[in-house]
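Residue numbers (this note's numbering): 211 to 524.
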C-alpha cells in the first residue's frame, strides 16, 4: 500500500505518524499554520503568525497586489535595488580609469588623454559637429577628488530617486538633466573654438543637480517639506558661484531640466486630467517628458546654429 504523506499505513498496527506532504519519507510534528498540512522544517517559512509551508507562501505572494509608486511605476522588492544608479557610477569610474590609463595621473587625468580631448564639452567644437560631447562630457571628471565627490552625491541622491520614480523615469531624468546642463553651458559660457584648458567642461554634476531638482518636485508631489533638499541645492549653488573652476551654468541647467522632467512625470498627468486612470497618467507623463526633451534639444540646436554663424562654420 502506498503512503500519500499523511501518516503510516493502516495495516502497520500503530497510530499513523504525520509526514511532510512534500517529503513523505520525513516524519514531522510540525504543520503549516495556514493550511494545516504537516511539513518538515525545510518546507516551512516564518510568517507574521507562526510558520507557513512553501506552497502557502507562494500562493500568498501571488495574491499580493503590486504597489504603485507616485509616478505610476510598480514598486517591488526586486526593484528596490538601485541598479541604474550603480551602473551610472560604474560607467563614470570606468571613464575615469580610461583617462587615468592614458594620462598616468590620478589628479590631472585630463592631460594627455585622447578620451578627454574627444569627450569634454566645448561649445565651439559641438557646433563643428562633435555632438557626442553633449553626453560624453557628463562621464568625465577632473581628478579623483572630483570623481569621488560626484559619485558620493550620486549614491546618496540617486538610490531613493530611482526606487520611487522607477528605473525608466530615473534614466530619463538623469539624461535630460545631463543634456540640460550641456545646453546651459552651450548658451551662456564663453565660447572657444579649440579645446584649451579654459574651455573644458566635464563632470556628472549637471545630472546630479537635476536629481536634486527632481527630488524637490517629488517631495512637493508627496506633500512633504522640500526644505532639506532645497537647502542642499542652495549651498551647492553658492559654492558654484563662489569657487573658480566650477561650471555654474552646467549646474543651473541640470537643476532646471531635472525639475522640469520630474514635473512632467508627476504633475502633467494631474494637470491634464488623467485622474485615477493609471494607463492614461503614464502615457501623459511620457508625452510630457518628450516635450521637455524636445525643448532641451531645441535650445542646443538653436545655439549651434548661432555659433556656426559666429565662428564662420559652413
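Glycine included, every Cβ here is placed at the ideal spot set by N, Cα and C.
A quick note: this is a predicted structure, and the numbers were derived from the prediction, not measured.
| request: Could you have a look at residue 261 and say whether DSSP puts it in helix, strand or coil? | output: In this structure, residue 261 counts as strand in the three-state DSSP scheme.
| request: Quick one: using the 10 Å Cβ neighbour count with 16 as the cut-off for buried, is residue 350 buried or exposed? | output: It is buried - the Cβ of residue 350 has at least 16 other Cβ atoms within 10 Å.
| Start and end of the beta strand (DSSP E) containing residue 254? | Residue 254 -> beta strand (DSSP E) spans 254-256.
| request: Could you name each continuous alpha helix (DSSP H) segment of 4 residues or more that falls completely within the region 314-351, going from the start of the chain to the end? | output: If you keep only unbroken alpha helix (DSSP H) runs of at least 4 residues inside the region 314-351, you get 324-329, 333-337, 343-346.
| request: Along the alpha helix (DSSP H) that carries residue 461, what are the first and last residues, could you check? | output: Element bounds for residue 461: 458-476.
| Near residue 237, which residues of its chain fall below 6 Å by C-beta distance, leaving aside the five closest residues on each side in sequence? | 227, 229.
| field | Option nearest residue 524 by Cα separation, candidates 430, 233, 334, 299 | value | Comparing Cα-Cα distances from residue 524 to each of 430, 233, 334, 299, the minimum goes to 334.
| query | Is the beta carbon of residue 390 less than 8 Å from the beta carbon of residue 416? | reply | In this structure, residue 390 places its C-beta atom within 8 Å of the C-beta atom of residue 416.
| field | CB-CB length for residue 375 against residue 513, believed under 8 Å | value | Incorrect: roughly 29 Å between the Cβ atoms, too far for contact.
| Taking three-plus beta-carbon pairs below 8 Å as touching, is the region 443-455 in contact with the region 490-509? | By the criterion of at least three beta-carbon pairs nearer than 8 Å, the region 443-455 is not in contact with the region 490-509.
| query | Which first and last residues belong to the alpha helix (DSSP H) in which residue 446 is found? | reply | For residue 446, the enclosing alpha helix (DSSP H) covers residues 437-452.
| query | So, do the region 350-363 and the region 409-425 have three or more beta carbon pairs nearer to each other than 8 Å? | reply | Yes, they touch.
| task | Please state whether DSSP places residue 434 in a helix, a strand or coil. | result | When secondary structure is reduced to three states using DSSP, residue 434 falls in the coil class, being assigned neither helix nor strand.
| query | Smallest Cα separation from residue 521: which of 337, 363, 331, 507? | reply | It is 337.
| said: Just verifying my parser: in three-state terms, what is the DSSP assignment at residue 309? | reply: In the structure shown, the three-state DSSP call for residue 309 is helix.
| field | Three-state secondary structure (DSSP) of residue 411 | value | Strand, per DSSP.
| In terms of residue numbering, what span does the alpha helix (DSSP H) encompassing residue 397 cover? | Segment 377-398, the alpha helix (DSSP H) holding residue 397.
| message | Here's the rule: buried if 16 or more other CB atoms are within 10 angstroms of the residue's CB, otherwise exposed. What is residue 517? | response | Under this definition residue 517 is a buried residue.
| query | Quick one: complete alpha helix (DSSP H) runs, 4+ long, within the region 475-524? | reply | Correct list: 478-481, 488-521.
| said: Per DSSP, what are the beta-bridge partners of residue 229 in this structure? | reply: In the DSSP output, where bridge partners are listed per residue, residue 229 has 237.
| request: On a CA-only basis, which of 315, 443, 365 is nearest residue 302? Give me that one, please. | output: Just measuring C-alpha positions, the residue of 315, 443, 365 sitting nearest residue 302 is 365.
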